[in-house]
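Per this note's numbering, residue 849 is the first one in the sequence shown, and the count goes up by one each step.
Glycine included, C-beta positions come from ideal geometry on N, C-alpha and C.
Below you'll find the structure, written out as structure tokens, and then a few comments.
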Amino acid sequence: MIHLHLSKPYQQLIFALFCKIFAKKLIITYHGNWGRYGIFGNWMVSMSAWLASVPVVQNAGSFQKAIFLNKNARRISTFISSADVPELSEQQLFVLTTFIKSYQIILCTNAWNLAFDRNGSETYGISDIIRRVKSEPDVALIISDPSKNYEKYMKSTFENVPSNVLFVTYAHDFRCILRISDAFIRNTTTDGVSLSIHEAMEANVPIFASDSVERPAFCWLFRDIMKVDFRDAIVLAGNLLDREAPQMIYADPVDDLISLYNLYLDKKYLDKNEVCDVNCPKKTKA
């Protein structure tokens, strides 16, 4: 059995064809929202889902398309909660606290790397967030940018990066940034399950999210970041978070995956091998 995590449609289709020809069981996890590619790309995604043993998707809209093509489709989140948060160093924390003390509202956003969608737009929409906050002298924006590529791109895009914008370019846990922020902005042109949105929800930080894809009910949605009033949005997003987040109880994705593996792995194999029970450090029979 093969569990595939690749985002390129042609690679997904090649693997699906290989597994079909050689009678291998294939699970494909599609991380992004379905329909974000061009006609040919979307066709390849559909074909790989049709050929796979189990297509795994991230949201309700994608699931409706996947289940139409393959009755074994599953919806399993990629977000795995963790209570362990590596702390920042004293120097790193000092720089952050010194920066934010001059501002009334602290916003944050992140990007794992500089990326563009098929229309040539910034996937994470950070340039537009910077354009929006530069006219707000009492609003600070912290950008988590561990690749350092976004900072380089912004310096080439703007004549001067506004003084109320800070790039965090060292390796760090984004939850450390959330702890000192009043709100988190997810201004993407497409998305799958945003791990950052769920981290913000767990940290009880209000979330502003673009309405480009289906979002959790606790997110306050916007169409154009340039028209967002941050003060009003923090109140509205906070109310949504208080009302909706406690209602959203997710199944543990680890349990879901183990159940899926147990279902599709050959019974003779399972009878001869031990697997780890996720709820217990001991090894138990599957």
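Alpha-carbon spacing of residue i relative to residue j, whole angstroms
i, j, result
"GLU1062", "LYS1003", "32 angstroms"
"ALA1057", "PHE1032", "8 angstroms"
"ARG1079", "PRO857", "41 angstroms"
"ASP1104", "PHE870", "26 angstroms"
"PHE1022", "MET1049", "13 angstroms"
"SER855", "TYR878", "7 angstroms"
"PRO1094", "LEU1026", "19 angstroms"
"GLN952", "ASP993", "23 angstroms"
"ASP1100", "ILE928", "7 angstroms"
"TRP920", "LYS913", "For clarity, residue 920 is Asn in the given sequence; the question names Trp instead. Using only the alpha carbons, I get a separation of about 12 angstroms."
"ALA864", "TYR1112", "16 angstroms"
"ILE915", "ASN961", "32 angstroms"
"GLY889", "ILE1073", "29 angstroms"
"ILE948", "PHE964", "30 angstroms"
"ASP986", "LEU1069", "23 angstroms"
"ILE887", "THR945", "48 angstroms"
"GLU984", "SER1060", "25 angstroms"
"TYR1109", "PHE911", "19 angstroms"
"SER975", "ARG966", "17 angstroms"
"GLY1086", "GLU1092", "10 angstroms"
"MET1096", "HIS1046", "11 angstroms"
"SER950", "LEU852", "47 angstroms"
"PHE866", "SER969", "34 angstroms"
"SER1029", "SER1107", "37 angstroms"
"ALA931", "ASP1090", "20 angstroms"
"ILE862", "VAL1102", "27 angstroms"
Reduced DSSP category for residue i - H, G, I as helix; E, B as strand; rest coil
i, result
"PHE1032", "strand"
"LEU955", "strand"
"GLY880", "strand"
"VAL1102", "helix"
"LEU1113", "coil"
"PHE1022", "helix"
"PHE927", "coil"
"THR1132", "Note that THR1132 has pLDDT 41, beneath the 50 cutoff, so the model's placement of it is unreliable and the number below is only indicative. Strand, per DSSP."
Distance between beta carbons of residue j and residue i, contact taken as under 8 angstroms
i, j, result
"TRP898", "ASN881", "With a Cβ gap of about 18 angstroms, TRP898 and ASN881 do not count as contacting."
"LEU1043", "THR926", "7 angstroms"
"ALA988", "LEU955", "7 angstroms"
"PHE1006", "ILE978", "7 angstroms"
"ARG922", "VAL902", "6 angstroms"
C-beta contact flag for residue i and residue j at 9 angstroms
i, j, result
"LEU1088", "ALA1051", "no"
"TYR1001", "ILE991", "no"
"ILE875", "GLN860", "no"
"VAL1053", "VAL1013", "no"
"ILE1055", "ARG1071", "no"
"THR1017", "GLY973", "no"
"VAL811", "ILE924", "The structure shown does not extend to residue 811, since the chain is modelled only from 849 to 1134, so the question has no answer here."
"ASN958", "GLY1040", "no"
"VAL933", "CYS1024", "yes"
"LYS872", "MET895", "no"
"GLN939", "HIS1020", "no"
>> List, from N- to C-terminal side, the beta strand (DSSP E) runs of 3 residues or more that fit wholly inside the segment 1047–1099.
In response: Runs of the beta strand (DSSP E) spanning 3 or more residues and lying entirely within the segment 1047–1099 occur at 1055–1058 and 1068–1070, in chain order.
>> Just to confirm the assignment: which complete alpha helix (DSSP H) runs, minimum length 4, are found wholly within the segment 936–1009?
In response: 938–948, 974–981 and 997–1005
>> Quick check on the DSSP output: what are the complete beta strand (DSSP E) runs of length 3 or more inside the segment 849–913, in order along the chain?
In response: 850–852, 874–877 and 902–905
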